[in-house]
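Sequence order for the protein chains is A and B.
Each residue of the first sequence is one higher than the last, beginning at 1 in the UniProt record's numbering.
Each residue of the second sequence is one higher than the last, beginning at 1 in the UniProt record's numbering.
A quick write-up on the structure given underneath.
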Amino acid sequence: MHGPIGRPAYGVLEPEDLSVASRRRFLKAGTFMFGFAVLARAGKAAAQSQGEEPSLRAITPGGPESGAAFDGFAPGGFIRIPSQGKITFIIPSTEMGQGIYTGEAMLLAEELEVTLDQVEVVPAPPNELLYSQPILKSQATGGSTSTRGAWGPLRQAGAAARTMLIAAAAQRWNVATDTCFADQGRVYCRANGQSLPYGALVQAVRAQPVPRNVPLKQPGQFKLIGRSLQRVDTPSKVNGTAVFGIDVKVPDMKVAVMEICPAQGGRLRSMEDRGARTVPGVVDVLRIDNAVAVVADHFWAAKKGLEQLELRWDFAGHEKVSSERILADLKHASENGKPILGRVLGDADKAMDDADSRVEAVYELPFLAHATMEPMNTTVHVRPDGCDIWVGTQAPTAVQGAAAKVLGIPPERVMVHNHLIGGGFGRRLVAESVTQAVQFARQVPYPLKVVQTREQDIRHDLFRPAYYDRIAAGLGPDGLVKVMTDRITGGSVLGSYLPTGLPDGTLDSDAVEGADRTPYSIPNVRVDWIRRDPPIKVNWWRGVGPAHNVHVVESFIDECAHSVGRDPVEYRLAMLKDNPRSYRVLEMAARRSGWGKPLPPRTGRGVSLHDSFGSHLALVCEAHVTPAGEVRLRRLVAVIDCGQTVNPNSVQAQIEGGVLFGISAALYNAITIQEGQVEQSNFNDYRQLRINETPPIEVHIVQSTDDPGGVGEAGTVSAAPALANAIFAATGVRLRRLPIDRAALMEKGAGKRVIAPPAVALGLGAAALAWGSDTGGAA
Amino acid sequence: MTTILINGEAREVDVPPDMPLLWVLRDVVGLTGTKFGCGIAQCGACTVHVDGKPARSCVLPVSAVGNRAVTTVEAVGETEIGRRVQEAWLGVEVVQCGYCQSGQIMSAAALLGRNPAPDDAAIDAAMSGNICRCATYPRIRAAIKRAAGLPAETV
Chain A
1 MHGPIGRPAY GVLEPEDLSV ASRRRFLKAG TFMFGFAVLA RAGKAAAQSQ
51 GEEPSLRAIT PGGPESGAAF DGFAPGGFIR IPSQGKITFI IPSTEMGQGI
101 YTGEAMLLAE ELEVTLDQVE VVPAPPNELL YSQPILKSQA TGGSTSTRGA
151 WGPLRQAGAA ARTMLIAAAA QRWNVATDTC FADQGRVYCR ANGQSLPYGA
201 LVQAVRAQPV PRNVPLKQPG QFKLIGRSLQ RVDTPSKVNG TAVFGIDVKV
251 PDMKVAVMEI CPAQGGRLRS MEDRGARTVP GVVDVLRIDN AVAVVADHFW
301 AAKKGLEQLE LRWDFAGHEK VSSERILADL KHASENGKPI LGRVLGDADK
351 AMDDADSRVE AVYELPFLAH ATMEPMNTTV HVRPDGCDIW VGTQAPTAVQ
401 GAAAKVLGIP PERVMVHNHL IGGGFGRRLV AESVTQAVQF ARQVPYPLKV
451 VQTREQDIRH DLFRPAYYDR IAAGLGPDGL VKVMTDRITG GSVLGSYLPT
501 GLPDGTLDSD AVEGADRTPY SIPNVRVDWI RRDPPIKVNW WRGVGPAHNV
551 HVVESFIDEC AHSVGRDPVE YRLAMLKDNP RSYRVLEMAA RRSGWGKPLP
601 PRTGRGVSLH DSFGSHLALV CEAHVTPAGE VRLRRLVAVI DCGQTVNPNS
651 VQAQIEGGVL FGISAALYNA ITIQEGQVEQ SNFNDYRQLR INETPPIEVH
701 IVQSTDDPGG VGEAGTVSAA PALANAIFAA TGVRLRRLPI DRAALMEKGA
751 GKRVIAPPAV ALGLGAAALA WGSDTGGAA
Chain B
1 MTTILINGEA REVDVPPDMP LLWVLRDVVG LTGTKFGCGI AQCGACTVHV
51 DGKPARSCVL PVSAVGNRAV TTVEAVGETE IGRRVQEAWL GVEVVQCGYC
101 QSGQIMSAAA LLGRNPAPDD AAIDAAMSGN ICRCATYPRI RAAIKRAAGL
151 PAETV
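Okay, here's the thing in C-alpha cells:
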C-alpha cells in the first residue's frame with residue numbers, strides 16, 4: 001500500500017490484499033474485517049471466485065454458507081481494523097471529484113466511532129457480491145446515487161462493528177456492555193475507567209455474535225455527518241502525488257497512441273507502417289479491426305510514429321451519417337413513430353380539449369461529449385495466466401467483464417486496479433475503451449498504456465443523445481397548467497448501456513425522467529417516448545434523463561407563465577401547494593436572488609426548479625446579453641433541499657460545479673457529424689466555460705433531517721433552463737434549441753423573434769398569444 | 001543527450017529536440033503531476049514554470065528550455081508562494097476531480113509571483129487559460145485571494 005499522503009490518506013489496494021491466501025494471513029495476523037454483501041443469496045463459492053471471502057465469517061453467524069444474513073445483507077468488506085495502525089475503509093463508490101471517498105468514509109466512521117484521520121481509504125476492487133450498489137444494483141458510480149445507496153448500509157456496517165467491539169471489550173473487563181461506549185477508535189468503560197483501542201480487540205471481537213438491527217444514531221447525535229470535513233483525496237491532488245489512471249507506471253510498460261476509424265462503424269482497409277517504424281523510440285505497430293496503435297517508449301514517439309502511418313479506411317456506408325439526417329430522422333419519428341407510454345395521469349386529451357388556452361412548442365437538444373480533463377486511457381498487461389488492468393473507472397466489474405470477454409478467460413483472472421478519475425460525468429461508466437486497449441495489449445507481452453489524444457477522446461466519445469421533444473399544455477381559467485403532454489423522441493441510453501440491450505417497446509425510464517414527474521400539481525399528464533436510436537453510440541452524461549427533460553419542461557413552464565402574463569416564480573409557486581419542499585427552495589431562491597428587482601437593459605433573471613435524484617433544487621440565473629448576442633452571466637443563486645447533508649461543503653461544491661458544467665454545455669456545446677465524422681476535436685472547437693466567464697455563484701442548503709438526496713448532477717439539470725429563461729427575460733427571444741445561438745440574440749432588427757423550431761400557439765384565448773413573436777418583452 | 005534543470009536538479013535525458021517538455025517530464029523523468037489535457041495549449045493542465053513564468057509544457061519543445069529552470073507542481077510547494085497557494089487550495093477546498101489542479105496551481109503561483117495582490121481582472125487574465133471541467137473556478141478565485149492574503153469574497 002502506498003504511504004499516507006497527508007492525513008487522512010488515499011491509498012492503493014494491492015491485489016494481494018484481497019487474495020484469499022493473503023486474507024488468511026491477514027486474519028492470522030489479527031485483522032478484523034467486515035461490511036455488506038448479498039452473499040446470503042449468492043453463496044460462498046461465488047464470493048471466493050471473486051477473491052473475497054473470509055471477512056464474511058466475522059459478521060455472519062455460522063459463516064456465509066449458513067445462509068444467515070444481516071438485515072437482508074450478508075457482510076462483505078468495507079472495514080478493516082488491524083491490530084496496529086490505521087483502519088482501512090474500502091470505499092464502494094469511485095472518486096471522480098464528487099468527494100465520495102470522504103462522504104462514504106464519514107458514514108462508516110460516524111457509526112464506527114472513529115475520526116477520519118484514523119482511517120485510510122482505498123477503492124473497492126471489482127466484486128458485485130460485495131460492492132453492488134443498492135440503487136443501481138451494480139458496482140457502479142453514477143446517477144447521483146452513491147450517498148443515497150450507502151446511507152443505510154454503510155452506517156449499519158459501522159454500527160455493527162462498533163457494537164461487536166464494545167461487546168468484546170465488555171467481556172474482557174467482565175462488565176455489562178451498557179457501561180461501555182466507543183469514541184475515536186477506543187472502547188471506554190464508565191464503570192472501571194479503563195479503555196482499549198480497537199486494535200487490541202481484533203482477535204476477541206471475532207467471537208462476538210453479529211448484531212441485528214443495530215439502532216443508528218439520530219441526527220442530533222451525529223459527530224461527523226453534517227460537518228464540512230476536509231476531503232481525504234485532496235491533499236495529494238495539490239502536490240502532484242495523486243495517481244490517476246493516466247499516471248500509472250508499470251515496469252517495462254510501453255505507451256500506445258491510436259488512430260481510430262474516423263467514421264464510427266468503419267474499419268481499417270490497409271496500413272503502410274514502414275515510416276512509422278523508423279521513428280526513434282517506436283517499438284511496434286499494432287492493428288485491430290477499426291484502429292491502429294503505434295507503440296513506443298513514450299507518448300511523443302508514438303504520436304510521431306502515428307503521423308507517419310499511411311492509413312486507408314473503409315467507412316462501410318457510415319459516411320452517410322450526418323447531424324442533419326439524424327435530426328430529420330428524429331423529427332420524422334416524432335411525428336410518425338409509435339410512442340411508449342411513460343406516465344399517464346387523468347385524461348390528457350379531454351383536458352386539452354377543455355383548456356382555456358393551449359401552448360405548444362418543440363425543443364431540440366444536441367449530442368454532447370463528456371470532454372473529461374483526463375483523456376481516456378487504459379493500461380493493460382496480458383499475461384499467460386491472466387490480465388492486469390490499471391484504469392480509472394466508474395464501473396470496475398464492467399472493465400473486468402470487458403477484458404475477460406476479449407481474452408476468453410474467467411473474470412476473476414482479470415485484476416482491475418481502479419484509480420482516481422480525472423472527470424467521469426458518465427464517460428467512464430462504459431468500458432468500450434478498455435475492450436479496445438485489451439485488443440491491442442493481447443498482441444504484445446509487455447504492459448501497454450493506451451492513451452487517447454484529446455482529439456480521439458472527443459471524436460470517439462459515446463455521446464449524450466440528441467432529442468426532439470414536442471411539449472404542450474392546456475391552461476385553465478386561472479392560467480395554470482391543467483394538462484401537460486410531452487412527446488420525447490431520442491435514442492435509448494439504457495439500451496446502449498445494458499449488455500443485453502433494451503427490447504423494442506420497452507420503456508427506458510431514463511428517457512422520460514424529469515418529464516414524467518414534475519414538481520407541480522398538474523392533474524392531467526401524458527408523457528411518452530418514441531425510441532429512435534441514432535446510428536452512433538450513446539451514453540450517460542451528467543444529469544442523465546433529467547438534464548434533458550427538465551430543460552424542456554422548465555423552459556416550457558416559463559412559456560406558459562408568460563403566455564398568461566404571469567411572473568415565472570409566482571406562476572410556479574401557484575402550482576406547488578402540494579410540494580412544500582420545492583415551494584420552499586423556489587421561494588428562497590427568489591428572495592435570495594432579488595427576484596423582481598430592476599435590472600439594466602438586456603439583462604434578465606431566469607429560474608428553474610426540479611425534483612431530481614431525491615433532491616429539490618431551484619436556480620436563479622441572472623444574465624446580460626450584449627448587442628452582439630454574447631451572453632454574460634452576472635450571478636447564479638441556487639437553493640437546494642437534499643435532505644440530510646453528509647458533508648455540506650461537498651454538497652455546495654457539487655452544486656457550484658454542476659450548475660457551471662450545465663451552463664458550459666448550454667452556452668457552447670454540440671457534437672455535430674458530417675460524412676460520418678465528428679466535426680469537433682479539441683477545446684478550441686469544443687469550447688468550455690472559463691474562469692473569466694464564471695459569475696459569482698451562491699448555494700444555499702436547506703437544513704433537513706430527511707434522508708439524503710443526490711447532488712452530483714442536480715446542479716447540471718438546473719442550468720440550461722435557468723439560463724434560457726434568463727435570456728428570454730433579457731431579450732424576449734425564446735431559444736428552443738441548444739446550444740445558445742448568439743446570432744439569434746443580436747440586437748439588430750429584433751429582440752422578439754422566436755428561434756426555430758417553430759412553436760404553434762393555438763389562439764384559444766388572447767393570453768395564449770402573449771408569448772413568442774408577439775411577446776411584450778422582458779419579464 | 002539533453003540536460004534540463006528540473007526542480008533544482010540537472011537531468012540528462014536522451015530525447016529528440018522537438019519532444020515537448022510535458023512528455024519528458026511524464027514519460028522520461030517520471031514526474032506525472034504535470035498533466036496532459038489537450039496537447040495544443042488550450043487547457044493549461046500541463047502548466048509548469050520556466051524561470052518562474054508559466055509555460056504550457058505540451059507545446060514547449062525541450063530544446064527551447066535551454067538552461068532555464070523548470071519547476072513542476074511536485075516542487076512548487078518548496079517556494080513560499082507555492083506553499084501558500086497549495087494551503088489555500090486545501091483551505092478553500094477547491095479541488096474536485098483534481099486533474100487540472102496541478103496546472104491551476106502553477107498558473108496561480110506564477111500570477112502571485114508577479115502580482116502579489118491580484119484583482120479579479122488580473123485573476124481572469126492569468127487563469128483563463130486553465131480549463132476546469134468540474135468548474136471549480138469560483139473557489140480558484142477565492143483561493144488565490146486567500147493565498148494573497150486578500151479579504152475573502154463570496155465564493
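Built from N, CA and C at the ideal position, the CB exists for glycine as well.
(message) Between which two residues does the beta strand (DSSP E) holding A/Arg-632 run?
(response) 631-641
(request) Identify the contact partners of A/Arg-690 in chain B, using a Cβ-Cβ distance below 7 Å as the criterion. (result) Ser-128 and Ile-131
(message) Could you tell me the alpha carbon to alpha carbon distance between B/His-49 and B/Arg-139, rounded to whole angstroms?
(response) 22 Å
(request) Measure how close the beta-carbons of A/Val-362 and A/Asp-469 come, nearest whole angstrom, since I'm counting them as under 8 Å. (result) 7 Å
(request) For the alpha helix (DSSP H) containing A/Ser-664, list its first residue and its last residue. (result) 648-668
(request) Compare the C-beta of B/Gly-149 against all C-beta atoms of chain A and say whether one is closer than 8 Å. (result) no
(message) Along the segment 658-687 of chain A, where does the CB come closer than 9 Å to a CB of chain B? Name the residues.
(response) Gly-658, Val-659, Leu-660, Phe-661, Ile-663, Ser-664, Asn-682, Phe-683 and Asn-684
(message) Short of 7 Å Cβ to Cβ, which residues in the segment 293-308 of chain A face chain B?
(response) His-298, Phe-299 and Trp-300
(message) Assess contact between the segment 469-488 of chain A and the segment 347-359 of chain A, defined as three or more Cβ pairs (one per stretch) separated by less than 8 Å. Is contact present?
(response) yes
(message) Let me see if you follow: with CB-CB separation under 8 Å, is B/Arg-141 close to chain A or not?
(response) yes
(request) May I ask you to report which of helix, strand or coil DSSP gives B/His-49? (result) strand
(request) Taking B/Met-73 as the query, report the chain A residues whose CB atoms sit under 7 Å from its CB, ordered along the chain. (result) Reading off the sequence shown, one finds Val at residue 73 of chain B, where the question assumed Met. Under the 7 Å cutoff, chain A gives Asn-239 and Gly-240.
(request) Can you grab the Cα-Cα spacing for the pair A/Thr-102 / A/Arg-162, in whole Å? (result) 20 Å
(message) A/Pro-535 and A/Thr-453 - do their beta-carbons sit closer together than 8 Å?
(response) no
(request) Label A/Met-575 either buried or exposed according to how many other C-beta atoms from any shown protein chain fall within 10 Å of its C-beta, with 16 as the threshold for buried. (result) buried
(message) Are the CB atoms of A/Val-114 and A/Gly-185 within a distance shorter than 8 Å?
(response) yes
(request) Would you give the residue range spanned by the beta strand (DSSP E) that A/Pro-197 belongs to? (result) 195-197
(message) If I measure Cβ to Cβ from A/Asp-385 and keep anything under 8 Å in the same chain, skipping five residues before and after, which residues do I get?
(response) Arg-413
(message) I'd like to know if the segment 699-712 of chain A and the segment 328-338 of chain A are in contact, where contact means that at least 3 CB-CB pairs between them fall below 8 Å.
(response) no
(request) Leaving out five residues on either side along the sequence, give the residues of the same chain with a beta carbon under 7 Å from the beta carbon of A/Gly-751. (result) The pLDDT assigned to A/Gly-751 is 45, lower than 50, so where the model puts this residue is not dependable; a value taken from the coordinates is nonetheless given after this. Contacts found: Thr-731, Gly-732 and Val-733.
(request) Could you say which of B/Ala-122, B/Cys-38, B/Leu-111 and B/Ala-143 lies nearest to A/Asn-684 if we only look at CA atoms? (result) B/Cys-38
(message) Quick check on A/Arg-57 - is its C-beta less than 8 Å from some C-beta in chain B?
(response) Low local confidence applies: a pLDDT of 29 at A/Arg-57 is under 50, so the model's placement there is unreliable, with the coordinate-based value given in what follows. False, the Cβ-Cβ gap to chain B never drops below 8 Å.
(request) Tell me, please, whether the segment 648-659 of chain A touches the segment 694-708 of chain A by the rule of three or more beta-carbon pairs shorter than 8 Å. (result) yes
(message) Beta-carbon within less than 6 Å of A/Ser-322's beta-carbon, same chain only, minus the 5 sequence neighbours each way: which residues are those?
(response) Ile-673 and Gln-674
(message) Looking only at its chain, what residues have a beta carbon closer than 8 Å to the beta carbon of B/Arg-11, apart from the 5 residues adjacent to it on each side?
(response) Thr-3, Ile-4, Leu-5 and Val-29
(request) Please list the partners that B/Gly-119 has in chain A, where partner means a Cβ-to-Cβ separation under 7 Å. (result) Looking at the sequence shown, residue 119 of chain B is not Gly but Asp. Ordered by position in chain A, no residue passes the 7 Å Cβ test against B/Asp-119, which lies about 13 Å from the chain.
(message) Run through chain A and tell me which residues come within less than 8 Å of B/Met-1, C-beta to C-beta.
(response) Those within 8 Å of B/Met-1 in chain A number zero; the least Cβ separation is about 14 Å.
(message) Between which two residues does the beta strand (DSSP E) holding A/Pro-123 run?
(response) 119-123
(message) Contact between the segment 559-568 of chain A and the segment 513-521 of chain A is defined here as three or more beta-carbon pairs at a separation below 8 Å; is this criterion met?
(response) no
(request) Would you mind giving the Cβ-Cβ distance between A/Val-210 and A/Leu-201, rounded to the nearest angstrom? I have them listed as a contact below 8 Å. (result) The Cβ separation is near 15 Å, so there is no contact.
(request) Alpha carbon to alpha carbon, how far is A/Arg-277 from A/Arg-287? Give it in angstroms, no decimals. (result) 14 Å
(request) Quick one: residues in its chain with C-beta nearer than 8 Å to the C-beta of A/Ala-653, no 5 flanking neighbours on either side, listed in chain order? (result) Gly-99
(request) Using a cut-off of 7 Å between C-beta atoms, extract the partners of B/Ile-105 located in chain D. (result) The displayed structure is made up of protein chains A and B, and chain D is not among them.
(request) Give the C-beta separation of B/Thr-72 and B/Gly-33 to the nearest angstrom, bearing in mind that I take them to be a contact with Cβ-Cβ under 8 Å. (result) 6 Å
(message) Tell me the DSSP secondary structure of A/Lys-449 in three-state form.
(response) strand
(request) Spatial neighbours of A/Arg-742 within its chain, please: CB distance less than 8 Å, with the 5 preceding and 5 following residues excluded, ordered by chain position. (result) Ala-628, Gly-629, Glu-630 and Val-631
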